[in-house]
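*Asks:* Quick one: structure below, then a few questions.
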Amino acid sequence: MGTSTKNRQPVELLTTKAVVRAVTDAFKKLNPRHMAKNPVMFVVEVGSAFTSFLYIHAIITGRADAPPGFILAVSLCLWFTVLFANFAEAVAEGRGRAQTETLRKARKDIIAKRLKSPCPDIKRVAEHYAAYTEIFEKVASSILHAGDRVLVLAGDIIPADGEIEEGVASVDESAITGESAPVIRESGGDRSAVTGGTRVLSDWLLVRIATNPGETFLDRMIAMVEGAKRQKTPNEIALDILLAGLTIVFLLATATVLPYTLYAVASSGHGVPVPLTVLVALLVCLIPTTIGGLLSAIGIAGINRMMQANVLATSGRAVEAAGDVDVLLLDKTGTITLGNRQATAFFPAPGVSEAELADAAQLSSLADETPEGRSIVLLAKSKHDLADRDIQSLGAVFVPFTAQTRMSGVDFEGRCIRKGATDAIAKFVEAKGGTLSLTVRSVVEDIAKKGATPLVVADGARVIGVVQLKDIVKTGIRERFAEMRRIGIRTVMITGENPLTAAAIAAEAGVDDFLAEATPEAKLVMIRDYQQKGHLVAMTGDGTNDAPALAQADVAVAMNTGTQAAKEAANMVDLDSNPTKLLSIVEIGKQMLMTRGALTTFSIANDIAKYFAIIPAAFVVTYPELADLNVMQLHSPTTAVLSAVIFNALIIMALIPLALRGIPYRAAPASALLQHNILVYGLGGLVLPFPCIKLIDLVLTAIGVN
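First residue of the sequence shown? That's 1270 in this note's numbering, and the numbers climb one at a time after it.
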């Protein structure tokens, strides 16, 4: 926390501190009540305990169906298999836990100015707080409840999550988003939500608290990031059922081997029954232990990868659903377009030259550090060769933009140049004795009809023209949408613009469809229509009017700067409030599904290879003729069984980094990805065990194991 996606440093997978804690947690997870949640690894743990009992029995009684050293070796390998699986899960959980350490630091108990009773003139009170302290009581933020009203002045930390009732202020949200640039928050509209732990930089706010103690946004972040409330996804549950089914089948099959070999030995009069230790090893190698050991880590890592992207997912379900999304609903402003409007044209008033308008607009923008202001300076320079001027040498007094005046400008050599919203400039000009002409109003209307924003420029009582600001389609967004289309995702732009403007922007951006003049009802109808046709829909939103559609969407991403209603309705919250993050969220979801599919394919394939090592070794003591099936030419039945069991444990450890990082994302249709997984991971899982088991066998032989 406190770092944005572009500044966030990648989390190391295996730091010394993380390893020590994960090892400790791996032993704690040996609790049978925890292990029972994973049937595959629970069976391995039972097998580990059983072989340990066989070893102790052999030592005490001196009777065993296999050498005590062999039993001990198998038992240790099985325990390591369980511990490696637990270690993978613990590392994944530890990464999330590490991310909450700074969250806890941000959650501090501060003193809040709680209003004792309704105040008819809160603005006057806020501006002269020292004279009205008796109408407030100072309380700890930890005892604030939903409905309490608190006054937050410049320099104060907002004590808890809430909605702004009155006021407008600049707020530093870097403690949440990592972005250093302050943002404007004001009552009403979609930018009225504030988060506890952020700081008011200017002016004041009257905030109505929206949460009770322990229910703040930071509290929910900590609980969810740590995975305390993580629920398994439908696909994960289905895979669990499949793995449990395979485990039961192989358990029953293995259980019948002992009576069968006892009967075979009694009937033939030669050979010996299969040792119990070998049967346990056979069972562990038959069941899909690789994916069973990594499944939890993959699910937790999916949520962690979202957090690394500064997205808070409420559960693994949301992450997985993102991987299956095939319709994306995206807001135009800030998602498809830059959001920061750029100056594109000057429209002078009658009797004014374009060069004069450009000169005045540039003068008023020299100290304006907003993207709009900088773009005006650049446009004047490029169109009329107006060079940058030294602000210090001008001796001008610059008037900054404020949320109240909605204009900015400069006082220079007796001139009062202002630029801003049409109605704000109209009031300024009228106060000076001038008026906004019908011609200028007509230009303003024409610009607005095109979907652009008019910025009126005045010099004292005289309006000298209009600057056109246009939201520019983001560079590369068309290619991103083409990439989405290649993997079967339909993109839909949602905008409040008129249909003509919306159609032009949609064509320029390359989206598949658009919804113009969008209302909350229209968004909801569109989402339901797509869902009734069998599609999974994702959308972004930040306003209360987006809440119904967010609640209906399969993947709903709310902006952290949005209203409380939007964040409650969504199943993800983007801490950076960057609507384009939806594209990355889909990629992370697909990466998680691809990782699980690839490792499942690898696990099943490498089980097949292990059969060739352990089955001949398991039955050769009963049927010596099966020695011909020893295709890998392993040294002995003992080394064959040990090699397979050791490989079974080590492969889980080797795949932990892949399970946590995820396989590299590749934009391709599902059928192509399936073919790729079968070829790479299926073939790899089939081939890899042969040289590895043979190498382990050679090592065991070299150290004297017979």
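Think of the CB as a built atom: it goes at the ideal place given N, C-alpha and C, for glycine as much as any other residue.
Just so we're clear, the structure is a prediction, and the values are computed from it rather than from any experiment.
Can you tell me which residues form a DSSP beta bridge with isoleucine 1686?
*Replies:* Looking at the DSSP assignment, isoleucine 1686 forms a beta bridge with Val1679, Asp1728.
*Asks:* Which residue marks the beginning of the beta strand (DSSP E) containing lysine 1792, and which one marks its end?
*Replies:* No beta strand (DSSP E) holds lysine 1792; the alpha helix (DSSP H) holding it covers 1789-1801.
*Asks:* Return the chain-ordered list of same chain residues with a C-beta closer than 6 Å to the C-beta of isoleucine 1354, the five sequence neighbours on each side being excluded.
*Replies:* A quick correction: the sequence has alanine, not isoleucine, at residue 1354. Cβ neighbours of alanine 1354 beyond the five flanking positions: Met1310, Gly1562, Ile1921.
*Asks:* How would you call lysine 1286, buried or exposed, if buried means at least 16 neighbouring beta carbons within 10 angstroms?
*Replies:* exposed
*Asks:* Sort Ala1772, Ala1614, Ala1913 by Cα distance to alanine 1342 and report the nearest one.
*Replies:* Ala1913
*Asks:* Verify whether the separation of the beta carbon atoms of serine 1439 and isoleucine 1427 is less than 8 Å.
*Replies:* no
*Asks:* Among all the DSSP beta bridges, which residues are the ones paired with proline 1617?
*Replies:* Gly1734
*Asks:* What does DSSP give as the partner residues of methionine 1304 in its beta bridges?
*Replies:* In the DSSP output, where bridge partners are listed per residue, methionine 1304 has none listed.
*Asks:* Quick one: any contact between the stretch 1572-1583 and the stretch 1687-1699, if contact means 3 or more CB pairs under 8 Å?
*Replies:* no
*Asks:* Who are isoleucine 1453's beta bridge partners in DSSP?
*Replies:* Ser1439
*Asks:* Let's test the definition: count the other Cβ atoms within 10 Å of the Cβ of phenylalanine 1783 and tell me whether it reaches 16, buried, or not, exposed.
*Replies:* buried
*Asks:* To the nearest angstrom, how far is it from the Cα of arginine 1332 to the Cα of valine 1547?
*Replies:* Taking the Cα positions, arginine 1332 is about 16 Å away from valine 1547.
*Asks:* With C-beta atoms as the reference, is proline 1528 less than 8 Å away from alanine 1335?
*Replies:* no
*Asks:* Assuming leucine 1793 and glutamine 1821 form a contact by the criterion Cβ under 8 Å, report the distance between their Cβ atoms to the nearest whole angstrom.
*Replies:* 6 Å
*Asks:* Put phenylalanine 1750 into one of helix, strand or coil per three-state DSSP.
*Replies:* helix
*Asks:* Considering only residues of the same chain and omitting the five flanking positions on each side of glycine 1642, which have a CB-CB separation below 7 Å?
*Replies:* Ser1634
*Asks:* Can you give me the start and stop residues for the beta strand (DSSP E) that phenylalanine 1783 sits inside?
*Replies:* 1782-1784
*Asks:* Looking only at its own chain, which residues have a Cβ that is under 7 Å from the Cβ of threonine 1274, when we skip the five neighbours before and after it?
*Replies:* Unreliable placement is indicated for threonine 1274, whose pLDDT of 38 sits below 50; no coordinate value is reported for it.
*Asks:* What are the boundary residues of the alpha helix (DSSP H) that serine 1634 is part of?
*Replies:* 1623-1634
*Asks:* For aspartate 1472, tell me which candidate among Val1421, Ala1522, Val1288 has the shortest Cα-Cα distance.
*Replies:* Val1421
*Asks:* Would DSSP call glutamate 1638 helix, strand or coil?
*Replies:* coil
*Asks:* Skipping 5 residues on each side, what residues in its chain have a beta carbon closer than 6 Å to that of arginine 1290?
*Replies:* Gly1363
*Asks:* Using beta-carbon positions only, say whether aspartate 1628 and alanine 1656 come within less than 8 Å of one another.
*Replies:* no
*Asks:* In or out: arginine 1499 buried (at least 16 other Cβ within 10 Å) or exposed?
*Replies:* Residue confidence for arginine 1499 is low, a pLDDT of 44 falling below 50, so the modelled location carries little weight and cannot support an answer.
*Asks:* Please return the same chain residues whose Cβ sits closer than 7 Å to the Cβ of serine 1905, not counting the five positions on each side in sequence.
*Replies:* Asn1975
*Asks:* Quick one, which of Ile1733, Met1676, Glu1682, Thr1464 has its alpha-carbon nearest glycine 1703's?
*Replies:* The shortest C-alpha separation from glycine 1703 is found at Ile1733.
*Asks:* Out of curiosity, what's the CA-to-CA distance linking glycine 1779 and isoleucine 1756?
*Replies:* 15 Å
*Asks:* Using three-state DSSP, classify glycine 1226 as helix, strand or coil.
*Replies:* Outside the modelled stretch of the chain, which goes from 1270 to 1975, sits residue 1226, for which no answer is possible.
*Asks:* Proline 1651: buried (16+ other C-beta within 10 angstroms of its C-beta) or exposed?
*Replies:* In the sequence as presented, proline is not what sits at residue 1651; that position holds serine. Exposed, since its Cβ has fewer than 16 Cβ neighbours within 10 Å.
*Asks:* Give me, in chain order, the residues of the same chain whose beta-carbon lies closer than 6 Å to that of cysteine 1554; leave out the 5 immediate sequence neighbours on both sides.
*Replies:* By the criterion of a C-beta distance shorter than 6 Å, cysteine 1554 is surrounded in its chain by Lys1879, Ile1883, Ala1913, Asn1917, once the five residues flanking it on both sides are discounted.
*Asks:* Helix or strand or just coil, what does DSSP make of proline 1723?
*Replies:* strand
*Asks:* By Cβ distance, which residues of its chain are closer than 7 Å to leucine 1515, with the 5 residues on each side in sequence left out?
*Replies:* Ile1556, Pro1557
*Asks:* Give the DSSP bridge partners of valine 1408, in chain order.
*Replies:* Ala1381
*Asks:* Identify the continuous alpha helix (DSSP H) that holds leucine 1555 and give its terminal residues.
*Replies:* Counting along the chain, the unbroken alpha helix (DSSP H) around leucine 1555 starts and ends at 1545-1555.
*Asks:* Which same chain residues end up closer than 8 Å to isoleucine 1932 when comparing Cβ atoms and leaving out the 5 residues on each side of it in sequence?
*Replies:* Correct list, in chain order: Gln1860, Met1863, Thr1864, Ala1867.
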